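Chains as they are written, first to last, in my numbering: chain A, 1 to 243; chain B, 1001 to 1237.
All residues carry an ideal CB built from backbone N, CA and C; glycine is no exception.
Since this is a predicted model, take the numbers as computed values, not measurements.
A quick write-up on the structure given underneath.
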């Protein structure tokens, strides 16, 4: 599936011929339903980079994927000029440093450190706690997992008290690290019946979610909701049978 | 709100002027604290070193790192930078006039970040199994560490350091864990890497002989004593 950038013919006028050649060599191995994969697509699109997208079958990974990411064997993998870059947040920094266009990370070193801190927290401890809680009916310590998830979500909610986005005035590195919260989280809640996010508990998080989903750069880069719900309901069924 | 970046004076007393402005909240046996120390030493940055009692964390630490509540924290002009890999990149970006810690080329930088992420997750997690696990989990941890060591040896190849000729980000991230491997030899019978990963062992010795590393690294005895205290109850990050 080749990605289409509707205005690319206009943007090309503004780019050097070297960058045009470089852009032609951009491939993304990903999965349309994956929040990690969508992070990279967001970054490529805001930079106006034309890329070739390959939808991977995770049950039968391609030789190219296994060769490009032998350590983790995971998507997304960005292949630029035949060189593979792995891990979505590492890929985002690479895209920011390689291609012209709107900045993904701030310029100031301290602001960059803050952005990296929040991205690491959101992509790490927060994601883990939320994921564990959502699937806690099939694991152990349901109440404990939920409490841990509430704690990390409260931290994010507090951070959003006086801000439009977690990263500040615009969507960037930090908010994209949290991309699973506004879209995927709610679908999994519906599939599993475990509800974590309510506007009573996390008013600022919910306001941010609505703001985030309303941005065209986000709206135009989401998988089909019904398809995702079907996918997660199947996972719930499989987990129920296993239990 | 974004603060305007401040230009640093290019005077000879630059490093001394900064001394009052750079504080490291630390815990001597921590591999993450060790990373921050090495990075500061490589750049020749003077700083105030404050050691935490992790069973009784200071008000300053809780104020500077309310989210993760752990060391190391670099406080520069009153503003905190947390997480060791983020601290190293911050140091490299602010004190950018000499001794670069990250490569200049984007693909090499991405490779370095990928490897540090790998060390943070895989090497750290498997090491914790060796420290804390019961017999079977400890054995699994050792097997995993051997696998990670072989991978890292492949990445190192015949280079002096992971970034090439210059000691940098990946070396700083890994060397405190290499120090842990030495401790694992004594109490967990983890001997394999000497025969299986000779290049990694040579790299380790090369790093341990660097001034910045030798003065920043806890002794293997200090590491072991800290582990015993850790097992008795409280956490460090």
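* Which listed residue (1024/B, 1179/B, 1120/B and 1137/B) has its alpha carbon closest to that of residue 1049/B -> Considering only alpha carbons, the answer is 1024/B.
* Verify whether the separation of the beta carbon atoms of residue 1172/B and residue 1101/B is less than 8 Å. => yes
* Do residue 96/A and residue 103/A have their C-beta atoms within less than 8 Å of each other? -> yes
* **Three-way DSSP call (helix, strand, coil) for residue 54/A in this model** => strand
* To do: For residue 112/A, I'd like the list of residues in its chain whose CB is within less than 7 Å of its CB, leaving aside the five on either flank, ordered along the chain.
  => 105 and 106
* Please check the pair residue 1201/B and residue 1194/B, which I expect to be a contact at CB under 8 Å, by giving their CB distance rounded to whole angstroms. => 5 Å
* CA-to-CA distance, residue 121/A to residue 129/A, given in whole angstroms -> CA-to-CA, the gap between residue 129/A and residue 121/A works out to about 11 Å.
* residue 1067/B CB to nearest chain A CB: under 8 Å? -> At least one chain A Cβ lies under 8 Å of residue 1067/B.
* Measure how close the beta-carbons of residue 1052/B and residue 1022/B come, nearest whole angstrom, since I'm counting them as under 8 Å. => Contact flag wrong, Cβ pair sits at about 17 Å.
* Spatial neighbours of residue 173/A within its chain, please: CB distance less than 7 Å, with the 5 preceding and 5 following residues excluded, ordered by chain position. => 92, 104, 105, 115, 119 and 167
* Asked: If you draw a straight line from the C-alpha of residue 1081/B to the C-alpha of residue 110/A, how long is it?
  -> 8 Å
* Asked: If you follow the beta strand (DSSP E) that residue 1040/B is part of, which residue opens it and which one closes it?
  -> Unbroken run through residue 1040/B is the alpha helix (DSSP H), 1031 to 1043; no beta strand (DSSP E).
* Quick one: does residue 76/A have its CB under 8 Å from some CB of chain B? -> No, residue 76/A does not count as interfacial toward chain B.
* Asked: So residue 1223/B packs on residue 1179/B, CB below 8 Å; how close in whole Å?
  -> 7 Å
* Using a Cβ cut-off of 8 Å (strictly closer), state whether residue 242/A contacts chain B. => no
* Determine whether the Cβ of residue 116/A lies closer than 8 Å to any Cβ atom of chain B. => Yes, because at least one Cβ of chain B sits closer than 8 Å to the Cβ of residue 116/A.
* Asked: Assuming residue 1117/B contacts residue 90/A under a Cβ cut-off of 8 Å, what Cβ separation, rounded to an integer in Å, is found between them?
  -> 7 Å
* Asked: Hey, out of 1168/B, 1143/B and 1138/B, whose CA is closest to residue 1109/B's CA?
  -> 1168/B
* To do: For residue 1221/B, count neighbouring Cβ atoms within 10 angstroms of its own Cβ and tell me buried if that reaches 16, exposed if not.
  => Result: exposed.
* DSSP state of residue 1015/B, grouped into three classes? -> Caution applies to residue 1015/B, whose pLDDT of 49 falls short of 50 and renders its modelled position unreliable; the value that the coordinates give is listed next. Reduced to three states, the DSSP call for residue 1015/B is helix.
* To do: Below 8 Å on the Cβ atoms is my guess for residue 1121/B versus residue 1148/B; work out the distance and round it to an integer in Å.
  => Going by Cβ atoms, the distance from residue 1121/B to residue 1148/B rounds to 10 Å, so no, they are not a contact pair.
* Identify the continuous beta strand (DSSP E) that holds residue 193/A and give its terminal residues. => Run containing residue 193/A: none; DSSP gives neither H nor E here.
* Would you say residue 1110/B faces chain A, with C-beta separation under 8 Å as the test? -> yes
* Asked: Pick from 160/A, 147/A and 33/A: whose alpha carbon is nearest that of residue 57/A?
  -> 33/A
* What are the residues of the stretch 76 to 91 of chain A that lie near chain B, defined by any Cβ-Cβ distance shorter than 7 Å? -> 83, 85, 86, 87 and 90
* Just how far apart, CA to CA, sit residue 221/A and residue 43/A? -> 11 Å
* Asked: Can you list, in chain order, the residues of its chain whose CB lies under 6 Å from that of residue 1040/B, leaving out five sequence neighbours each side?
  -> The beta carbon of residue 1040/B sits closer than 6 Å to those of 1047, all from its chain and outside the five residues before and after it, given in chain order.
* If you compare alpha carbons, which of 224/A, 235/A and 237/A is closest to residue 35/A? -> 224/A
* If we count the other Cβ atoms within 10 Å of its Cβ and call it buried at 16 or more, is residue 1114/B buried or exposed? -> By the neighbour-count criterion, in which 16 or more other beta carbons inside 10 Å mark a residue as buried, residue 1114/B falls on the buried side.
* How about residue 1163/B and residue 1112/B: are their beta carbons less than 8 Å apart? -> yes
* Own chain partners of residue 242/A with C-beta closer than 8 Å, once the 5 adjacent residues on each side are dropped -> 138
* **residue 1210/B beta carbon less than 8 Å from that of residue 1160/B** => One thing to note: residue 1160/B has its Cβ no nearer than 8 Å to the Cβ of residue 1210/B.
* Asked: For the stretch 102 to 113 of chain A, which residues have a CB atom closer than 8 Å to at least one CB atom of chain B, in sequence order?
  -> For the stretch 102 to 113 of chain A, which is checked against every Cβ of chain B, the residues closer than 8 Å are 106, 107, 108, 109, 110, 111, 112 and 113.
* Which residues of chain B have a Cβ atom closer than 8 Å to the Cβ of residue 121/A, listed in chain order? -> Result: 1067 and 1068.
* To do: Find out if the Cβ-Cβ distance for the pair residue 156/A, residue 125/A is shorter than 8 Å.
  => No; because the gap between Cβ atoms is not below 8 Å, this pair is not in contact.
* Measure from the C-beta of residue 1050/B to each C-beta in chain A and report whether the shortest distance is under 8 Å. => Contact of residue 1050/B with chain A is not assigned, every C-beta pair being separated by 8 Å or more.
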